[in-house]
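Undergrad: Order-wise, the sequence lines are chains X and L.
Quick note: the first sequence, position 145, residue 145 per this note's numbering, numbers continuous.
Quick note: the second sequence, position 622, residue 803 per this note's numbering, numbers continuous.
Don't be surprised by glycine CBs; every beta carbon is placed ideally from N, CA and C.
Please find one structure pasted underneath; my questions will follow.
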Amino acid sequence: MIDLTKNYFDLFGLPVAFVLDVGELSDRYRELQRVVHPDRYASAPEQEKRLALQQATQVNEAYETLRDPLKRAIYMLQLQGFDTGLETATTRDAAFLMQQMEMREALADTRSHANPEARLDELLREIRGMLKAQVAELAVQLETATQEQLEAARESVSKMQFLNKLYHEAEALEAELEELI
Amino acid sequence: MALLQIAEPGQSAAPHQHRLAAGIDLGTTNSLVASVRSGVAETLPDEAGGHILPSVVRYTAQGAVVGAAAREAAVDDPHNTIVSAKRLIGRGLDELKTLGGKLPYRFSAVDSAVPRIDTVSGAVSPVEVSAEILKVLAQRAEATLGGELTGVVITVPAYFDDAQRQATKDAAKLAGLNVFRLLNEPTAAAVAYGLDREAEGVHAIYDLGGGTFDISILRLNKGVFEVMATGGDSALGGDDFDHVVAEWIMQQAGIGSDAPPGLLRALTGKAREAKEALATASRVDLQVDDGEGRSWQGELDRDTLNELIDPLVRKTISACRRALRDAGVSPEDITDVVMVGGSTRTLRVREKVGEFFATEPLVDIDPDRVVAVGAALQADVLAGNKPDDEMLLLDVIPLSLGIETMGGLVEKIIPRNTTIPVGRAQEFTTFKDGQTAMAVHVLQGERELVSDCRSLARFELRGIPPMVAGAARIRVAFSVDADGLLHVEAEELSQGVKASVEVKPSYGLTDEEIADMLRSSIEHAGEDMAARRVAEQQVEAARVIEALQAALAADGDELLSATERTTVEEALQGLRDLAESAIDGDAIKQGIGQLEQACEFYVERRMNSNIRKAMTGHKVDEFE
């Protein structure tokens, strides 16, 4: 068994840190899958197949969590005993929420814009920039990791969740517009 | 016994025989079988030297005829000749109407969700038709390779849903084949191309077959093929090109859709020929006799063909765009576009795909054979013939999986393009006071409404202790294995009440149906099954024993205490004695199970030790 008490960072032989080299992570992921993937056990007895399936599932889960900055931040907060559930943890930053509302309206108005594709591109770029800024903040917050900074990290996570949702909606609209071409 | 066979570097694993394995491309129009011989993967010909087996089965009073002979009869005997069974597999009767083209079959009115086609030798399901094709290919492989196949890899369109995958696996079971893996067709093509060229980078595989379309975006890195995204349409292919051309001919010739099935078949054939001819010629002559003495003459040029098929080609380009977005890459990031499937011979398709990806698509491996060749390479690895091979395929699920929640909405549990194997769980609760049961409805698809998604299974979790609404905690866990097949489990957490299903598609055959079919085919075999079973299990026991001995020699001292080692060795001797004396295959099988159980801790330790070894060299301190 992969030791389930081990955290995902340990599994990949990486230090517990928010800033990580994604290329390095991917290399190790592939190395681990070479050992545990069910295809390595195609002619093996059932018992080993089950074990391999379980291990490979776990490795995939760990990889997906660490690869994505938002999931990685949530995971690190959980390791610190923070509850990041949506209901209990939403941002109280009024200015941010106001900005979100404005961006939503802008997105809704895109359709009637003179050049919807260009407008949407602009919005997507803007959201990407904001997401990047949050990731940079998280790097500092999770590095310092004082109680206060972790609280701030939780806030950043919540903002990223807003931004991600908005981004997906903008992408869905982009797909819709493309279908019309 | 792969785990126990992992050898130390520089030390070879226990020598073992080359195990026969084959890759099968079970296509809509044509099927092929390939195998690795002397290190080279190649498609295998039949006695007449042909590699392609038309995926056509004709049922006669004497039995089933498969291949070219059956296809020739399609016009004269349309009711008993089943073409393109792949378009029907894993689908319900109600869905067949939505498929393009006209089906000339008589469907039996049976009390089953699985469509059955009436033929002179009884009603047959698409699963049985596919099994006939698989049998012929397996026989061809065994005759060519000179032995029994230990297992096969069968390719399926990446966009096949769970029901279609299950049904394909059922067909293999019915044909008596051991399926190592269902492999996605574009991934198989990538393997054939990638290994050939050692091409690193991000690739797009555009696979347009007779009846299905797939697009896959994958990254190749040091022998690992990582699928980033996949998309497509499981009911769109070159057959649809033929249908629009046939409809155009009918319109031109004034033939109504009430024309006899034989004429419609003939028209589709003419349409296909015209389409194929236009890959080189700029115009073709057409002549149609309506069977009542009237005939029509005309011509089809390339521009008209392009106009007719453009809406269909556009649909495939939209799917490419979606797949790129899911993969998070843009057309410029794509190193190569590989064209797979016979329908990519149509020039218009190449032109439009080249335009979209802004690169000349690769067409240099025979698009008909590339999938089978890739499957053969994977089969060879899975058979254990290449223990040191670096190749590994990491595939994804093509469609999101979820369950029905309040108001007919679908809550997604595993999003599409998640790497498999994968396990995800989500908690739900009761919505009524004292509710003691909960229905779990499993769905597949991207839409938000239940009615727009594909229903995979329904089951009930009963015995929930009565509580106020919202107090129960019901955990629904989805797991998808490396074949892309789903298993669902629901559990009430406070009391531990469980219910689970192996997702059996609504349109698949039941286990009993398969068992019945197998039984009736075995009854004719006239073989001494019991003796055969003892022999099989003896071979299996010998394999397990040999592997365990090799493992003990390699690291028994390192990983086991003296007492543990004695336990393992005693269990090993126990199986050896049993295998020699037993006259009952099941008893040996049980013995193997007991040995495995006794060695479970050892196997786990070896796995952990392997993981540690894979990660050595990069310990945490490396970063400090």
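For T611(L) versus M587(L), is the C-beta spacing smaller than 8 Å?
TA: To locate residue 611(L), count along the second sequence from 1; it is residue 430. To locate residue 587(L), count along the second sequence from 1; it is residue 406. Not closer than 8 Å, so no.
Undergrad: Is there contact between the stretch 573-589 of chain L and the stretch 420-431 of chain L, where contact requires at least three CB pairs shorter than 8 Å?
TA: Because the criterion of three Cβ pairs below 8 Å is not met, the stretch 573-589 of chain L and the stretch 420-431 of chain L do not touch.
Undergrad: From the beta carbon of H705(L), is the nearest beta carbon of chain X less than 8 Å away?
TA: Residue 705(L) sits at position 524 when you count from the first residue of the second sequence. No answer about H705(L) holds up, because its pLDDT of 48 lies below 50 and its placement is not dependable.
Undergrad: Give me the chain X residues within the contact set of P602(L), using Cβ-Cβ distance strictly less than 7 Å, ordered along the chain.
TA: Numbered from its first residue, the second sequence carries residue 602(L) at position 421. Per Cβ cutoff of 7 Å: P38, L53, A56, T57 and N60.
Undergrad: When DSSP labels each residue in this structure, what does F12(X) get in the three-state scheme?
TA: Taking the first sequence and counting its residues from 1, one reaches residue 12(X) at position 12. Correct three-state label for F12(X): coil.
Undergrad: So, with DSSP's three-state summary, where would you put Q676(L)?
TA: Indexing the second sequence from 1 puts residue 676(L) at position 495. In this structure, Q676(L) counts as coil in the three-state DSSP scheme.
Undergrad: Between which two residues does the alpha helix (DSSP H) holding L32(X) run?
TA: The residue labelled residue 32(X) in the question sits at position 32 within the first sequence. Where L32(X) is concerned, the enclosing alpha helix (DSSP H) stretches over V22 to V36.
Undergrad: So which residues on chain L does L32(X) lean against when the C-beta distance must stay under 9 Å?
TA: Indexing the first sequence from 1 puts residue 32(X) at position 32. Here the neighbours are I792, A795 and M796.
Undergrad: Between T617(L) and G390(L), how many whole angstroms is the CB-CB distance? I'm expecting something under 8 Å.
TA: Against the second sequence, residue 617(L) aligns to sequence position 436. Against the second sequence, residue 390(L) aligns to sequence position 209. Actually they are not in contact, since the Cβ atoms of T617(L) and G390(L) sit about 49 Å apart, beyond 8 Å.
Undergrad: Given a threshold of 16 other Cβ atoms within 10 Å of its Cβ, counted over all protein chains shown, does I335(L) qualify as buried or as exposed?
TA: Taking the first residue of the second sequence as position 1, residue 335(L) is located at position 154. It counts as buried.
Undergrad: Anything in chain X within Cβ reach of V405(L), meaning under 8 Å, just list it in chain order.
TA: Residue 405(L) sits at position 224 when you count from the first residue of the second sequence. Those are R30, Q33 and R34, listed as they occur along chain X.
Undergrad: Under a Cβ-count criterion, where at least 16 other Cβ atoms within 10 Å of its own Cβ denotes burial, should Q58(X) be classed as buried or exposed?
TA: Residue numbering aside, residue 58(X) sits at position 58 when the first sequence is read from its first letter. Label assigned to Q58(X): buried.
Undergrad: Please report how far the alpha carbon of V308(L) lies from the alpha carbon of Q345(L), in whole angstroms.
TA: Counted from its first residue, the second sequence places residue 308(L) at position 127. Counted from its first residue, the second sequence places residue 345(L) at position 164. About 10 Å.
Undergrad: Rounded to whole angstroms, what's the CA-CA distance from P296(L) to S289(L)? Just pull it up for me.
TA: Within the second sequence, the letter at position 115 stands for residue 296(L). Within the second sequence, the letter at position 108 stands for residue 289(L). Near 7 Å, if we compare the C-alpha coordinates of S289(L) and P296(L).
Undergrad: In chain X, what lies closer than 8 Å to D662(L) by C-beta?
TA: On the second sequence, position 481 is the one that residue 662(L) refers to. Correct list: P38 and L53.
Undergrad: Can you tell me where the beta strand (DSSP E) holding S790(L) begins and where it ends?
TA: Taking the first residue of the second sequence as position 1, residue 790(L) is located at position 609. That residue, S790(L), is in no beta strand (DSSP E); its alpha helix (DSSP H) goes E781 to M796.
Undergrad: Leaving out five residues before and five after S265(L) in sequence, what residues of the same chain have Cβ atoms less than 6 Å from its Cβ?
TA: Against the second sequence, residue 265(L) aligns to sequence position 84. Excluding positions up to five away in sequence, the list reads T209 and G392.
Undergrad: Nearest to V408(L) by alpha carbon, out of A385(L), L486(L) and S415(L)?
TA: Counted from its first residue, the second sequence places residue 408(L) at position 227. Cα-wise, what sits closest to V408(L) is A385(L).
Undergrad: Tell me which residues of the stretch 560-581 of chain L have at least one Cβ-Cβ distance to chain X shorter than 8 Å, keeping chain order.
TA: Flagged, chain order: V562, L563, A564, G565, E571, L573, L574 and L575.
Undergrad: Taking Cβ positions, are A556(L) and A215(L) nearer each other than 8 Å?
TA: Within the second sequence, the letter at position 375 stands for residue 556(L). Within the second sequence, the letter at position 34 stands for residue 215(L). Cβ atoms of A556(L) and A215(L): closer than 8 Å.
Undergrad: When burial is assigned at 16 or more other CB atoms within 10 Å of the CB, is E87(X) buried or exposed?
TA: Within the first sequence, the letter at position 87 stands for residue 87(X). With a pLDDT of 49 at E87(X), under the threshold of 50, the modelled position of this residue cannot be trusted, and the question is left open.
Undergrad: Enumerate in chain order the residues of its own chain whose CB-to-CB distance from Q161(X) is below 6 Å, with the five nearest sequence positions on each side excluded.
TA: As a first step, residue 161(X) must be located in the first sequence, where it is residue number 161. Cβ within range, chain order: n/a, list empty.
Undergrad: L666(L): which of T368(L), A202(L) and S581(L) sits nearest, CA to CA?
TA: Here residue 666(L) is taken as the residue at index 485 of the second sequence, counted from 1. Considering only alpha carbons, the answer is S581(L).
Undergrad: Confirm, please, whether the CB-CB distance from V661(L) to I584(L) is below 8 Å.
TA: Reading the second sequence from its first residue, position 403 is the one you call residue 584(L). Reading the second sequence from its first residue, position 480 is the one you call residue 661(L). Contact flag unset, no.
Undergrad: How about Q78(X): is its C-beta nearer than 8 Å to some C-beta of chain L?
TA: Indexing the first sequence from 1 puts residue 78(X) at position 78. By this cut-off, Q78(X) is not an interface position.
Undergrad: Quickly, what does DSSP pair T497(L) with across the bridge? List them, please.
TA: As a working mapping, residue 497(L) is identified with position 316 in the second sequence. T497(L) is not bridged to any residue.
Undergrad: How many angstroms separate the CA atom of R487(L) from the CA atom of V383(L)?
TA: Along the second sequence, one-based indexing puts residue 487(L) at 306. Along the second sequence, one-based indexing puts residue 383(L) at 202. Looking at the sequence itself, residue 487(L) is Asn, so the reference to Arg does not match. Each residue's alpha carbon lies about 30 Å from the other.
Undergrad: What number of angstroms, rounded off, separates the C-alpha of L269(L) from the C-alpha of V305(L)?
TA: For the purposes of this step, residue 269(L) is taken as residue 88 along the second sequence, with counting starting at 1. For the purposes of this step, residue 305(L) is taken as residue 124 along the second sequence, with counting starting at 1. Those two C-alpha atoms are separated by around 12 Å.
Undergrad: Among the residues of its own chain, which have a CB less than 6 Å from the CB of V310(L), if the five just before and after it don't count?
TA: If you number the second sequence from 1, residue 310(L) lands on position 129. Cβ within range, chain order: V238, I263 and A266.
Undergrad: Just the C-alpha distance for R483(L) and R464(L), rounded to the nearest angstrom, thanks.
TA: Locating residue 483(L) in the second sequence gives position 302, where the first residue counts as 1. Locating residue 464(L) in the second sequence gives position 283, where the first residue counts as 1. Going by the C-alpha atoms only, they are around 6 Å apart.
Undergrad: In whole angstroms, what separates the C-alpha of Q468(L) from that of E457(L)?
TA: Start at 1 with the first residue of the second sequence, and residue 468(L) comes out as number 287. Start at 1 with the first residue of the second sequence, and residue 457(L) comes out as number 276. For Q468(L) and E457(L), the distance between alpha carbons rounds to 16 Å.
Undergrad: Please say whether T331(L) and N359(L) have beta carbons closer to each other than 8 Å?
TA: The residue labelled residue 359(L) in the question sits at position 178 within the second sequence. The residue labelled residue 331(L) in the question sits at position 150 within the second sequence. Yes, Cβ-Cβ distance for N359(L) and T331(L) is below 8 Å.
Undergrad: With which residues is G412(L) paired in a DSSP beta bridge?
TA: Here residue 412(L) corresponds to residue number 231 of the second sequence, with the count starting at 1. Paired residues: I396(L).
Undergrad: Assuming L792(L) contacts V35(X) (C-beta within less than 8 Å), just tell me the rounded distance between them.
TA: As a position in the second sequence, residue 792(L) is number 611, starting the count at 1. As a position in the first sequence, residue 35(X) is number 35, starting the count at 1. As written in the sequence, residue 792(L) is Ile, which differs from the Leu given in the question. Between V35(X) and I792(L) the Cβ distance is about 6 Å, and since that is below 8 Å, they are a contact.
Undergrad: What residue range does the alpha helix (DSSP H) around Q55(X) cover?
TA: Looking up residue 55(X) in the first sequence gives position 55. Residues E46 to R67.
Undergrad: If you measure between the beta carbons of S236(L) and N211(L), is that distance less than 8 Å?
TA: Taking the second sequence and counting its residues from 1, one reaches residue 236(L) at position 55. Taking the second sequence and counting its residues from 1, one reaches residue 211(L) at position 30. Against a cut-off of 8 Å, the Cβ pair of N211(L) and S236(L) comes out as a contact.
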